[in-house]
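Numbered according to mature numbering (1 follows the signal peptide of the UniProt record, and there is no 0), the sequence shown spans residues -23 to -1, 1 to 304. For reference, the structure is listed below as structure tokens.
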Amino acid sequence: MRLRTPLALFGAALLVFVGPPLLSTGSDSDTGTQIPGLRFMVPNTPGGGYDITARTAAKNAEDAGLTHGIEVFNLPGAGGTVGVTRLVAEHGNGKLAMSMGLGVVGAVRTNKSPRTLADTTPIARLTEEQDIVVVAKDSPYRTIDQLLTAWKKDPGKIPVGGGSSPGGPDHLAPMLMAKAAGIAPKQVNYIPFDGGGELLASILGNKVGFGVSGVGEYLDQIEAGELRLLAVTGPKRVPGLDAPTLREAGLDTDFTNWRGIVAPPGLSAAERDKLVGLVSELHDSKQWRESMEKNGWDDAFLTGDDFGEFLDGQDRRVATVLEELGL
């Protein structure tokens, strides 16, 4: 299993503190849901689930007339913990938010990050989605049964690629698959990538035996025939996709991922409420509903303190699952 070294994490963290500040000035005349100068940070590379979510939310908010001029930028590194560190350093900045999800929860724990999601301001959980099991179009595995047969025979010879660090969704999903298939999780050759965009090239180039990522990230490649979809990880099939669930494939497990938004610490009640209000209006918009359907996302809306309690529970869940898997 390829893990990031302490030196690499130190270098990434150093960039956080020597980079230019992200603070932006606003106007006292900001009204309604308008937040001039709002920026969305994406803590992984372009093309991944956090990136797609942030850019979709920004476009939908502007198309719905809720605000304007939202800037989306990427700050990848250490499974999202570089982004968390930068966000926490932006204390009191009410014009900055970060797209995140279960992958960041796991990365904070496995990378032993000094800054955690408990240091941020919870804004909202937006979506829930299934992971998918995919291979390249010329892969020898045409069905999930064929893949499982080969994987059980020699787990170490079939690298598994995922768009998250150990402890994240794309890592937990194949580990739970392995356990259900009778494979010791420690035998799994998991290769982490910093987001689904990075992972895609390795799947297409057959550098991994199969990949696990969010359903919304690879719909275009599946429809174009570049990727072959073998299974979905949730409790039910995804409408419009011809793929069985893991349970249909004989594995007694299922798994879903979620994504949301957090902001820096130290916001005033008015600043936090403004961000929550913007996201709430976005959630109710026609544009967002259409995007959720297009991307195969399920509604999982939860805001403010309720979302904060959910984050605490997710951290405990990740710790428990990693312990149960012996990881």
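The beta carbon of each residue, even a glycine, is placed where N, CA and C say it ideally should be. The structure displayed is predicted, hence computed values, not measured ones.
According to DSSP, is residue i helix, strand or coil?
i       : result
VAL192  : coil
GLY80   : helix
THR233  : strand
GLN123  : helix
VAL61   : helix
ALA158  : helix
ASN88   : coil
ARG205  : strand
ALA95   : helix
ASN272  : helix
ASP115  : coil
LEU153  : helix
ARG266  : helix
PRO(-3) : Low confidence applies here, because PRO(-3) scores a pLDDT of 43, under 50, leaving its location unreliable; read the following figure in that light. DSSP places PRO(-3) in coil when its eight states are reduced to three.
PRO23   : coil
ALA240  : strand
GLU67   : coil
ASP197  : helix
GLN11   : coil
ALA220  : coil
LEU304  : coil
ALA55   : helix
HIS148  : helix
GLU106  : strand
If we call anything under 7 Å between Cβ atoms a contact, is residue i one with residue j?
i      : j      : result
LEU244 : ALA38  : no
LEU204 : VAL82  : no
ALA95  : SER142 : no
LEU181 : ALA113 : yes
TRP274 : GLU106 : yes
GLY46  : GLU248 : no
PRO241 : LEU73  : yes
PRO144 : LEU299 : First, the residue type needs correcting, since residue 144 is Gly and not Pro in the sequence shown. Yes, the pair counts as a contact, with Cβ atoms nearer than the cut-off.
ALA201 : LEU223 : no
THR33  : GLN11  : no
By the DSSP assignment, the alpha helix (DSSP H) with residue i in it spans what residues?
i      : result
VAL215 : No alpha helix (DSSP H) contains VAL215, which DSSP labels as neither H nor E.
THR33  : 26 to 40
ARG293 : 281 to 301
GLY174 : 173 to 181
What's the gap between the Cα of residue i and the Cα of residue j?
i      : j      : result
GLU150 : VAL189 : The residue you asked about is not Glu; residue 150 is Ala in the sequence shown. Roughly 8 Å separates the two Cα atoms.
ARG122 : ALA226 : According to the sequence shown, residue 122 is Asp rather than Arg. Straight-line Cα distance between these residues: approximately 7 Å.
GLU219 : TYR118 : Per the sequence presented here, residue 219 reads as Asp, with Glu not at that position. Each residue's Cα considered, the two are about 16 Å apart.
ALA41  : PHE187 : 39 Å
ASP229 : ALA155 : 11 Å
MET18  : LYS130 : 42 Å
LEU176 : GLY138 : 7 Å
ASP108 : LEU79  : 12 Å
LYS263 : ARG293 : 35 Å
VAL256 : GLY133 : 44 Å
VAL215 : ASP282 : 31 Å
GLY56  : MET152 : 18 Å
ALA161 : GLU48  : 44 Å
Would you give the residue range spanned by the beta strand (DSSP E) that residue i belongs to?
i      : result
ASP250 : That residue, ASP250, is in no beta strand (DSSP E); its alpha helix (DSSP H) goes 246 to 260.
GLY139 : 137 to 139
ARG16  : 16 to 19
PHE50  : 48 to 51
PRO169 : 167 to 169
- prompt: Between the stretch 224 to 238 and the stretch 56 to 66, are three or more C-beta pairs nearer than 8 Å?
  reply: no
field: Validate contact between the stretch 171 to 183 and the stretch 25 to 45 using beta carbons, cut 8 Å, 3 pairs
entry: yes
- prompt: Is the stretch 94 to 109 close to the stretch 250 to 269, with three or more CB pairs under 8 Å?
  reply: yes
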